[in-house]
Structures are given as structure tokens and as C-alpha cells.
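Undergrad:
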Amino acid sequence: MYLLEEVPVRRNALQQPSSGPASRRRVDGRFLTDEPLAPYDRHVRRELASWSAEALRRLDEAPEDPTERAAALARAHQDAALIASYLDRPNEARLVCHAGLDCVAEHAETSGDEAILLLGFGPLVELSRLDARLGRTDEALCVLERLAGLLRGQGLAFGALSISAATWARIGPGEGGAEGALASMVAIETERTLLGSGRHEAALEIARGQAPSPHDPVLEAMRREAYLVSLCRLGRGEEALLVAALWAAEAHPIRRPIFEIRHAEALAAFGDPVRAHAIAEECVRRVESRLAAGPATLFDLTIAARVSRLLATLGDPLAGELCRTALPAATSLGDVPLTAELALRILATDKRTEVRAEALEALRAIATGSGYRIPAVERAVEAEDGPLLTRSLKERAPSYPRLFERLLGFPPDALDRSSK
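The numbering used here puts the sequence shown at residues 1 to 420.
(1) What is the DSSP secondary structure of Ser370, counted as helix, strand or coil?
(2) Please state the DSSP three-state secondary structure of Ala157.
(3) With distance defined between alpha-carbon atoms, name the residue in Leu141, Val287 and Leu267 nearest to Asp28.
(4) Please report the residue range of the alpha helix (DSSP H) in which Glu378 lies.
(5) Sorted by chain position, which residues of the same chain lie with C-beta nearer than 6 Å to Pro21's C-beta, five sequence neighbours on each side aside?
(6) Indicate the three-state DSSP secondary structure (helix, strand or coil) for Ile163 in the structure shown.
(7) Would Leu388 and Ala367 be called neighbours here (beta carbons separated by less than 8 Å)?
(8) Taking the alpha-carbon of Leu301 as reference, which of Thr313, Leu119, Ala278 and Leu327 has the nearest alpha-carbon?
(9) Are the beta-carbon atoms of Cys103 and Leu73 separated by less than 8 Å?
(10) Could you give the C-beta distance for Ile83 and Leu119, rounded to a whole number, given that I count them as a contact under 8 Å?
(11) For Ala22, does the three-state DSSP call read helix, strand or coil?
(12) Check Glu64 in the structure and name its three-state DSSP category.
(13) If you reduce the DSSP assignment to three classes, tell me which class Ser399 lands in.
(14) To which residues of the same chain is Tyr40 closer than 7 Å at the C-beta, ignoring the five residues directly before and after it?
(15) For my contact list, Ala249 and Ala264 are in at a C-beta cut-off of 8 Å; report their separation, rounded to the angstrom.
(16) Does the beta-carbon distance from Ala269 to Ser197 come in below 8 Å?
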């Protein structure tokens, strides 16, 4: 078991039933979260009006070169599917993904360029994520399993997309080629899906059996994170604390910030809030240093939000101060849900009138102008200002209906009419 081979000290603690103090304590799930920190395929969740307008503009400017045009259209379908998901219109998101598969298959056939078929992986992954968000875990995993079939020498047929084993042999293997990228993508998405659905025993088994990936730091971080989170959720405290401490001590630009906070979360979950707090304070210093150096990345802000969550759960007002430090950077970056999380945590942890006013102003902007419907944000604003006006689809994302129609040939309200 590969993960066990990486722990030279006290290896038996990972192979035998634990008997230490941590393993005897019941895990406190308040301190844990299944959402991975590994920076895989993260995109800035922008305000929906400008996002849909930009996607429509790029679609209008798509180049004529067949390969470049296929890539531009694939990007447009991906943007439209994501926007539909954030507009809480999953059926439309699913239709866009299938239209994306149709588009990829058509361009591969007309151009004679088999490599264009690789663009079909994006819509398939988004379909898997959509099923996962809707609680359709088995369906989500089934999509990933069908993708993984290519790695086993099988063909892939999904909707209009068809990649035979012979075709894959021509376009998949090779140094830095699609085969390695597909293997990483399937592994990461599978772990994310299992964690998100609470299938921690399965996530643990997969993470334990995967080979180390020193040349793919994001996959390696995800593999270890899935392993650690699953140990915690399953109440295996001694094992969890051992590997968390080892991995947090590594001087790695991705893994260190992830496993420092994961170590602190594990300590808190297994009844050691004092040590958890000490590590969290050190995390705050590192995060604030990165934010001050600027420009802040989405990964920096995600770590800041997670540290603030732990501090808030520990009852430390430092959580609000960290959120105040990170909020301007999140607003500047333009990630709406992350900005909302930080502003809501300020409201929950800070009683100062002027500080709360700043946070409320950020939440008002999200509730009335971002296009997102975030229930906690709406409750916070309505508690202060009274009921919010319901905003129509065209008010939330004015360019989205045109983007949808350009890609599918009919407007989204045609679906509403047909369902009546």
C-alpha cells in the first residue's frame, strides 16, 4: 500500500487497529469538511452578467482555423454549462454539455483531426460534477468509470462522442500527452465525488492504493487529502494525526498550506483544540504574508477562508480579522461565493458596527448584482433591509439566454414552455 510506504516512522500504527487516545475519542465533525483544498481545475466564479457577456463575445470572435475554432466552441459550452449551474438551471446545464459533445464530434469529423475528440472530456467531467451536485453519486461515478475505460484499452461511446481503442492509441499516449492528463483527471474527480457523497471508506481505499505522483503535485495533494479526510471521518484519529503532522512538515508550496490546516482541523476534531489553535495561528501568519505580498491567488484565498472557518468554529475572533484582510482581495479577484463566505463570517464573528456595515455592503452587492442566489446571503441582507425583489433570468445574466440559443439553436425559455 503506497501511502503506508511513505511513513517510515510508526508504520504499524497505520496497519493495525489504533489504540491511542485520539482513536478512543469520538470525532467532532464540526471541524472537518469534505471539500478538498487541492487546487485542481478551480475557476473564478465571476459575476454572472459579465461572465455570460464575455463568453458570448468570445463565441462571436471564434477563429476560423478548425482546431482553434473547436477549442473556442468547447470553451463556450463549458462557460455556458457553468453559468447555467450557478443560475440553478441544471437541466439546461446538462443540455449544454451534451451539445458540447455533439460539437466536438462534428468538428473532429469535418476537420479530420482526431485530437479534437479530446475536447470532449470537459463536457463529460462537467456532467459527472452535475450529477454529483444533484446527489446522483452512482451516475457521477459511472461517467468517470466510462472515461477510465480508455486507460484500460477500451473504447468510449457517450452521446455523439465516440473514441475507439485504436483512435485512443493514436491520440492518447506519449510524453506529456492526453493519457496522463486523463488518468489524473479521473483519479481526482473520483476522490472528490466520493468525499462529497460521504463514501469515505471507498475514498480511503482508492487513495491508499494509488501510486505516489511526485510529478503531478495537484494529484498527489488530492490523493493525500482524500486519505487524511477519510481517516478523520472514519474516526481513526491516531493514524490521521500521524500522517497529517508528517505531511504538514513538508516544505512544499502546495501541500504545506493544505496539510497545516488539515492537521489543525484533525487536532480539533479529535479533542486537542489548544494545539489546533496554535497551528491555525501560524497558518494565519503565513496567509496574511502571502496576501500582503500580492497579488492573491484563488488558492491563497481558499486557504484563508478555510483557516477562518476553523478559527470561527474554535470561537476565536481572529477569524473575523482574517476575513477582513482577505475580503478586498476576494472582491478584486471576483470570486462571488468566496467573497460571500468571507463577508458572512465577518457578520458571524464581529460585533463592531462599522465592520459589519462593510460586510453587509459586500453582501448587498452579491444579492442584488452578482446573479447568484446564495440563501445565507439573502437571509443576511433581508434581516437588515427587508425582503429582496425576485430577479428574473435576464436580470441575473442578461447575455445567458442568447449564449444558450447560439449554442443549442433555441432559447432556454422554450424549455419552460414545453414543460407546461
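C-beta atoms are modelled at their ideal positions from N, C-alpha and C, and glycine is treated no differently.
TA: In brief:
(1) Here residue 370 refers to the residue found at position 370 when the sequence shown is read from its first residue. Assigned with DSSP and collapsed to three states, Ser370 falls in coil, not helix or strand.
(2) Locating residue 157 in the sequence shown gives position 157, where the first residue counts as 1. In this structure, Ala157 counts as strand in the three-state DSSP scheme.
(3) The residue you call residue 28 lines up with position 28 of the sequence shown. The residue with the shortest Cα to Cα distance from Asp28 is Leu267.
(4) As a working mapping, residue 378 is identified with position 378 in the sequence shown. Run containing Glu378: Pro375 to Asp385, per the alpha helix (DSSP H) assignment.
(5) As a working note, residue 21 is residue 21 in the sequence shown. Its pLDDT being 47, under 50, Pro21 is placed unreliably by the model, and nothing is read from it.
(6) Here residue 163 is taken as the residue at index 163 of the sequence shown, counted from 1. In the displayed model, Ile163 falls within a strand according to three-state DSSP.
(7) Locating residue 388 in the sequence shown gives position 388, where the first residue counts as 1. Locating residue 367 in the sequence shown gives position 367, where the first residue counts as 1. Yes.
(8) As a working mapping, residue 301 is identified with position 301 in the sequence shown. Restricting attention to Thr313, Leu119, Ala278 and Leu327, the CA atom closest to the CA of Leu301 is found in Leu327.
(9) The residue you call residue 103 lines up with position 103 of the sequence shown. The residue you call residue 73 lines up with position 73 of the sequence shown. Yes, the Cβ-Cβ distance between Cys103 and Leu73 is below 8 Å.
(10) Taking the first residue of the sequence shown as position 1, residue 83 is located at position 83. Taking the first residue of the sequence shown as position 1, residue 119 is located at position 119. Not confirmed; about 19 Å, so no contact.
(11) Within the sequence shown, the letter at position 22 stands for residue 22. Reliability of the predicted coordinates at Ala22 is poor, the pLDDT of 49 falling under 50, and the value obtained from them is presented with this limitation in mind. In the structure shown, Ala22 sits in a helix (DSSP, three-state: H, G or I).
(12) Counting from one through the sequence shown, the residue named residue 64 turns up at place 64. Shown here, Glu64 sits in coil according to DSSP, grouped into three states, outside any helix or strand.
(13) For the purposes of this step, residue 399 is taken as the residue at position 399 of the sequence shown. If DSSP states are grouped into helix, strand and coil, Ser399 belongs with coil.
(14) For the purposes of this step, residue 40 is taken as the residue at position 40 of the sequence shown. Excluding positions up to five away in sequence, the list reads Ile188, Val218 and Met222.
(15) The residue you call residue 249 lines up with position 249 of the sequence shown. The residue you call residue 264 lines up with position 264 of the sequence shown. Not really, about 13 Å apart at Cβ, beyond 8 Å.
(16) Within the sequence shown, the letter at position 269 stands for residue 269. Within the sequence shown, the letter at position 197 stands for residue 197. No.
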